[in-house]
Amino acid sequence: MILTEFPFEYFSDKELFSKRWAKTLSELSERRIVNILGVWDELDGEWFDDAPMLIEFEHGTLAVNVRSEKYLALAWNEIFPTEKPRWFGDVPPIPDWHENLFWREYAPLSRFKGAEILDVEIIDGENVLNGMRFETDVGGFSIIDNGDVIEGIPL
Numbered sequence: 001m002i003l004t005e006f007p008f009e010y011f012s013d014k015e016l017f018s019k020r021w022a023k024t025l026s027e028l029s030e031r032r033i034v035n036i037l038g039v040w041d042e043l044d045g046e047w048f049d050d051a052p053m054l055i056e057f058e059h060g061t062l063a064v065n066v067r068s069e070k071y072l073a074l075a076w077n078e079i080f081p082t083e084k085p086r087w088f089g090d091v092p093p094i095p096d097w098h099e100n101l102f103w104r105e106y107a108p109l110s111r112f113k114g115a116e117i118l119d120v121e122i123i124d125g126e127n128v129l130n131g132m133r134f135e136t137d138v139g140g141f142s143i144i145d146n147g148d149v150i151e152g153i154p155l
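Residues 1 to 155 (our numbering) make up the sequence shown, in order.
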């Protein structure tokens, strides 16, 4: 899976985003989270925070991606943790680019494994969609663009 080539559809308008994703997001209610994953950079020994995050459910995987602190995109059952993530293809545009990326349980949100989704909200502002907030039976968390860095934050 080459993440820079994935055809995310980005939104900065809440109404348009909601029209596109309302049904999928409403169907998450009462589903249990199997795992929340981020992309780990083995070479640098840290999270590769430009990549989307995945929320695995028993019958589906939601990818959450935010770009430039204002564009939100989702993918449902299109990006899977069984596929090794790659940022660039075989010929990276950056000289001497090396990567060894893989999906890994995102430790800051590990307490939400097994949690039941109660509500999902869009984090928005004027012409800005900055992420998603998930309320569960054990508390809430957000996946946001925090200074051009995608991260999951427990609430």
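Just so it is clear, CB atoms sit at the ideal spot from N, CA and C, and this is done for glycine as well.
From a predicted model like this one, the values you see are computed outputs, not experimental measurements.
- Partner residues in a beta bridge of W97, as assigned by DSSP, do not exist.
- In the three-state reduction of the DSSP assignment, L155 falls in the coil class.
- The DSSP-derived three-state label of E5 is helix.
- Ranking L74, R104, E58 and I150 by CA distance to the CA of R20 puts L74 first.
- Looking at the DSSP output, Y10 shares a beta bridge with no other residue.
- Under DSSP, T61 forms a beta bridge with E56.
- V149 is not bridged by DSSP to any residue.
- One Cα belongs to F141, the other to F102, and the distance between them is close to 22 Å.
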